[in-house]
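Residue numbers (the numbering used here): 24 to 149. Positions of the beta carbon are idealized from the N, C-alpha and C atoms, including for glycine. The structure appears right after this line, and notes come after that.
What follows is the structure, given as structure tokens:
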């Protein structure tokens, strides 16, 4: 398979993973997250660093926001690593405040499968 075909296929997979990540976040779907988070996954949000198990436990709880919507995402494939730089909007349930978050997710192709190894979000209220 040539690099262009591989890149197009990888790009499509990563685009879907990005959508799944955000959908699973809004839906508190820890099971779906468990399918694509690497065993050594680390996430950072304002003031908190969580490992995979801690994040799955956090995600399983009801989200403090609603109407999570992707506003933009730029995917950069760098060999067997991909970076997704994105912006999302959401509404805080407690006070109805509209917020925006910036995030960077890092995926690595391991044994032929893209898995999320790291995530960082600058997300007020999250």
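Do the CB positions of residue i and residue j come within less than 8 angstroms of each other?
{"i": "residue 67", "j": "residue 139", "result": "no"}
{"i": "residue 49", "j": "residue 86", "result": "yes"}
{"i": "residue 59", "j": "residue 40", "result": "yes"}
{"i": "residue 106", "j": "residue 72", "result": "no"}
{"i": "residue 55", "j": "residue 47", "result": "yes"}
{"i": "residue 113", "j": "residue 84", "result": "no"}
{"i": "residue 69", "j": "residue 116", "result": "no"}
Using CA atoms only, rank isn't needed, just tell me which of the options is closest to residue i.
{"i": "residue 129", "options": "43, 73, 65", "result": "65"}
{"i": "residue 57", "options": "31, 74, 116", "result": "74"}
{"i": "residue 102", "options": "47, 55, 44, 137", "result": "137"}
{"i": "residue 109", "options": "123, 147, 119, 117", "result": "123"}
{"i": "residue 76", "options": "69, 88, 63", "result": "63"}
{"i": "residue 31", "options": "100, 120, 106", "result": "100"}
{"i": "residue 135", "options": "114, 104, 72", "result": "104"}
{"i": "residue 120", "options": "147, 141, 96", "result": "147"}
Give the C-beta separation of residue i and residue j to the nearest angstrom, bearing in mind that I take them to be a contact with Cβ-Cβ under 8 angstroms.
{"i": "residue 51", "j": "residue 98", "result": "Not confirmed; about 25 angstroms, so no contact."}
{"i": "residue 53", "j": "residue 79", "result": "5 angstroms"}
{"i": "residue 111", "j": "residue 94", "result": "6 angstroms"}
What residues match up with residue i in a beta bridge as DSSP calls it?
{"i": "residue 134", "result": "Note: residue 134 sits in no beta bridge, so no partner."}
{"i": "residue 129", "result": "106, 141"}
{"i": "residue 124", "result": "111"}
Report the residue ranges of all beta strand (DSSP E) runs contained in full by the segment 66-117; include only those spanning at least 3 residues, in chain order.
Taking only runs of at least 3 residues, the beta strand (DSSP E) segments lying wholly in the segment 66-117 are 71-74, 88-101, 104-115.
Starting from the N-terminal side, write out each stretch of the alpha helix (DSSP H) that is 4 residues or longer and does not extend beyond the segment 25-64.
For the segment 25-64, whole alpha helix (DSSP H) runs of length 4 or above, ordered along the chain, are 26-49, 53-59.
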